[in-house]
Amino acid sequence: MLQPIFIRDNRDLTLAGLKKKHFKDAEQAVDRIIELDRLRRETQQELDAVLTQSNAKAKEIGGLMKEGKKAEAELAKGETAALKERSKQLEEQHKEIEQTLLEELVKLPNLPHESVPEGRTAEDNVNILEQGAKPVLPAGALPHWELIKKLGKNLAPIIDFELGNKITGAGFPVYKGKAARLQRAMIAFFLDEAGKAGYTEVQTPIVVNAESGFATGQLPDKEGQMYHDAQDDLYLIPTAEVPVTNLYRDVIVPEADLPVKHAAYTPCFRREAGSWGAHVRGLNRLHQFDKIEIVQINKPEESYNALEEMVGHVKGLLEKLELPYRILRLCGGDMGFTSALTYDFEVWSAGQERWLECSSVSNFETYQANRLKLRFKTADKKTQLLHTLNGSALALPRILAALLENNQQADGTVRIPAVLVPYCGFDVIE
RNA sequence: AGAGAGAUGGCAGAGUGGUCGAUUGCGACGGUCUUGAAAACCGUUGACUGUUACAGGUCCGGGGGUUCGAAUCCCUCUCUCUCUGCCA
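Each residue of the first sequence is one higher than the one before, counting from 15 in our numbering.
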C-alpha cells in the first residue's frame with residue numbers, strides 16, 4: 015500500500031507510475047485520495063482540539079472533587095455535554111473518512127521501478143538473458159504428459175492425473191515412484207542450496223488468516239484466487255511468501271539483524287479461476303504444487319542489491335540442473351499488483367518447444383512493509399519502513415516437466431542431472 | 001469440547017475510577033570511575049498521528065458501553081494457561 019503522505023508530496027510521480035502499470039482512472043483515484051487525506055487531517059485536528067478541552071475539563075473536575083468543592087464540580091460537569099457530543103460526532107466522521115481512505119488506497123498497485131519497461135502484455139517483457147543450449151531431442155520425443163505414461167514400469171504413469179481427478183479434481187496430480195522421489199529430492203536440493211546462500215529455513219502454517227492475506231497484498235486483490243475455508247475464515251496459501259513475510263508483521267527489526275533471509279518449502283494452492291485452456295496441459299498449470307520460496311527483508315538502500323543476489327541464486331539453480339533458461343524483466347502492464355520490479359525466469363521445455371515460467375523474483379519495496387508495519391530503527395532513532403523481496407527457488411512442476419522432456423534419451427528413458435542423483439538415489443527413470 | 005484463570009512497555013511484573021503513557025526490576029544505550037573490563041553510581045530508553053518546529057491527540061489483547069473522567073467498572077470477541085475429555 016502506498017502512503018498518503020507520499021502520494022500528496024509526489025502526485026505527478028504517482029500518476030506516471032500508475033500509468034506505466036496501466037491503472038485506469040489514475041488521476042481521479044489519486045486526487046480522491048489526496049482530498050480524503052486532507053479531510054482526514056482536518057477532522058483529526060478539530061477532534062484533537064475538542065478532546066484537549068474536554069481533557070482539561072475532566073482534570074478540573076477531578077481537582078475540585080479532591081478539594082471537596084462538590085457544587086462547583088457539578089457546575090463544571092454541566093459544561094461538558096456539548097463537548098462530548100461534538101467529539102462523538104467528529105470521531106464518527108473521522109473513522110468513516112479513514113475507512114474510505116483505506117479502501118481507496120488498497121485499490122492502488124505499487125509503483126514500478128524506473129527500470130521497468132513500458133508495455134501492456136507479456137509480449138512487451140524484455141528478455142535480458144538467455145542461457146544454456148536447447149537440447150536436440152531424439153526422434154519420437156514427447157511432451158511430458160505423454161512421456162509419463164511410458165515411465166514407471168508397473169507404476170505407470172508415474173504422474174497420474176486421472177487418479178488426482180478421482181480423489182480431488184483436475185489440477186491435483188498424483189506423483190508415484192521415482193516421480194515422487196524426484197520431487198522430494200528437488201525439495202531437499204533447493205533447501206540445501208538456499209541454506210548455503212545464507213537463507214534460514216522455516217516451516218510455517220500453510221493456511222493463513224485474512225490479516226496475513228491482506229498484509230502481503232493477496233487480499234483484497236486476489237480474493238478469488240485462493241481457496242477459502244469459510245467455517246474458520248482461513249485461506250490456503252498461494253505461495254510461502256504469505257506466511258513467511260507475515261512472520262514479520264508488526265515487527266521493528268533491529269538494524270543488526272538485517273538483512274533477514276528465509277527459505278521455505280510449502281505446497282501452494284491456486285484456484286486459477288478461468289485460466290484453463292489448451293496451453294495448460296499436464297504439469298503446466300496446477301491447483302496444488304510444491305515450491306521453495308526465498309524471502310528477504312532489507313534496508314531500502316540495499317534492496318536492489320538483494321534483488322540481484324536473488325536473481326543470481328536462481329540462475330545458479332537452473333545451471334546446476336543443466337536446464338536452458340531465460341530471464342525477462344516484466345513490463346509495467348504484466349507485473350504483479352504489489353511489485354516494483356519483477357524478473358521472471360522461464361525454463362525451456364523441449365518436448366513442448368515452449369518457455370515455461372518457473373520463478374518470479376520481485377522487490378516490493380515498502381508496499382508490503384507498509385501494510386505489515388514492518389520497520390527498522392535508523393541510527394538517528396527514526397523508525398522507517400523496510401523493503402520486502404521474494405522469489406521462487408524454485409517451483410517444482412514446470413522444472414519437473416522440463417527435466418523429463420529435455421533429458422529424454424533415444425531408448426525412451428530419462429536421464430537425471432548429476433546434481434540431483436545424490437538426493438534421489440537413481441540416475442535414470444525408465 | 002467442558003470447567004476455571006488470565007492478556008499491561010524488549011522481558012519480568014505492579015497498578016481496581018482522577019495529573020498513569022503508566023511504580024519497580026532486568027535488559028539495552030550514554031556518561032562518571034578504570035590502563036582496559038567488571039562492579040558501583042548518574043542519566044536515557046514504546047508506537048502511531050500531527051506541526052516548519054513546539055504544542056496537541058490516540059494507544060494498557062480487539063470491538064462496544066457506563067462516567068465529567070477508565071489500564072482500572074460492564075458487555076462482547078479473540079487468544080493464552082491449568083484441569084478434564086479426545087487425538088497424529
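All residues carry an ideal CB built from backbone N, CA and C; glycine is no exception.
Using DSSP with H/G/I as helix, E/B as strand and the rest coil, what is residue i?
i      : result
GLN232 : coil
ILE430 : coil
ASN298 : coil
GLU367 : coil
ALA278 : strand
TYR213 : coil
ASP358 : strand
ARG134 : coil
VAL325 : helix
LEU32  : helix
TYR318 : helix
PHE203 : helix
ARG343 : strand
LYS396 : coil
ASN384 : helix
ILE172 : coil
SER374 : strand
HIS293 : helix
GLN445 : Outside the modelled stretch of the chain, which goes from 15 to 444, sits residue 445, for which no answer is possible.
GLU237 : helix
GLU128 : coil
ASP243 : strand
Just the Cα atoms here: how many angstroms apart are residue i and residue j?
i      : j      : result
LEU119 : ARG54  : 14 Å
ALA202 : LEU355 : 29 Å
THR214 : LYS80  : 60 Å
PRO18  : ASN24  : 10 Å
THR352 : ARG284 : 18 Å
GLU128 : PHE390 : 25 Å
ILE142 : TYR357 : 9 Å
PRO219 : GLN145 : 36 Å
THR402 : VAL309 : 7 Å
SER317 : LEU104 : 41 Å
GLN366 : GLN422 : 13 Å
LYS210 : GLU419 : 29 Å
ILE430 : SER363 : 15 Å
LEU337 : PRO126 : 30 Å
LEU196 : ARG295 : 21 Å
PHE186 : GLN59  : 56 Å
GLY426 : GLU255 : 38 Å
HIS36  : LEU122 : 11 Å
ALA270 : ALA184 : 47 Å
Thinking just about the alpha-carbon of each residue, which of the options is nearest to the one in residue i?
i      : options                           : result
ARG340 : GLY347, GLY326 and LEU321         : GLY326
GLY31  : LYS305, GLY346, GLN107 and GLU367 : GLY346
THR28  : LYS84, LYS98, ASN124 and GLU99    : ASN124
PRO252 : GLU286, PRO268, VAL265 and LEU272 : GLU286
GLY439 : MET200, VAL188 and PHE175         : MET200
PHE359 : GLY350, TRP369 and ASP247         : TRP369
LEU156 : ALA211, ALA415, TYR241 and ASP441 : ALA415
ASN312 : MET324, ILE306 and LYS305         : MET324
VAL140 : ALA147, PRO131, GLY178 and GLY146 : PRO131
VAL188 : ARG195, PHE175 and LEU65          : PHE175
ARG52  : LYS91, LEU97 and ILE21            : ILE21
THR66  : LYS98, LYS84, LYS83 and ASP39     : LYS98
PHE204 : ILE181, VAL222, LEU410 and ASP247 : LEU410
LYS73  : LYS91, PRO126 and PRO431          : LYS91
VAL435 : ILE162, ARG198 and GLN107         : ARG198
LEU448 : ASP26, ARG100 and GLU93           : Not covered by the structure: residue 448. The range shown for the chain is 15 to 444.
ALA432 : LYS334, ASN404 and VAL361         : LYS334
Within the continuous beta strand (DSSP E) that includes residue i, where are the two ends?
i      : result
ASN468 : In the structure as shown, the chain begins at 15 and stops at 444. Residue 468 is therefore absent and cannot be evaluated.
GLU144 : 140-145
LYS391 : 389-391
ARG285 : Element bounds for ARG285: n/a, residue is neither H nor E.
ASN223 : 221-223
LEU248 : 248-250
In the DSSP assignment, find the alpha helix (DSSP H) that holds residue i and state where it starts and stops.
i      : result
ILE19  : 18-23
ARG54  : 40-80
GLU255 : 255-260
ALA155 : Here ALA155 belongs to no alpha helix (DSSP H), and DSSP marks it neither H nor E.
PRO436 : 435-438
ASN179 : 175-181
GLN113 : 94-121
Under the criterion of a Cβ to heavy atom distance below 7 Å, does residue i qualify as lining the ligand ATP?
i      : result
PHE175 : Among the components of this structure there are no ligands whatsoever, and the ligand ATP is therefore not found.
Would the region 224-238 and the region 375-382 be scored as touching if the rule is three or more Cβ pairs under 8 Å? Segments in contact, yes.
Inter-stretch contact at 8 Å, needing at least 3 Cβ pairs: the region 255-270 / the region 395-406: Because the criterion of three Cβ pairs below 8 Å is met, the region 255-270 and the region 395-406 touch.
Counting Cβ pairs, one atom from each stretch, are 3 or more of them under 8 Å apart for the region 34-46 and the region 401-414? Fewer than three pairs of CB atoms, one per stretch, sit closer than 8 Å, so the region 34-46 makes no contact with the region 401-414.
Across the region 299-314 and the region 270-285, are there enough close Cβ pairs to call them in contact, namely three or more that are closer than 8 Å? A contact exists between the region 299-314 and the region 270-285.
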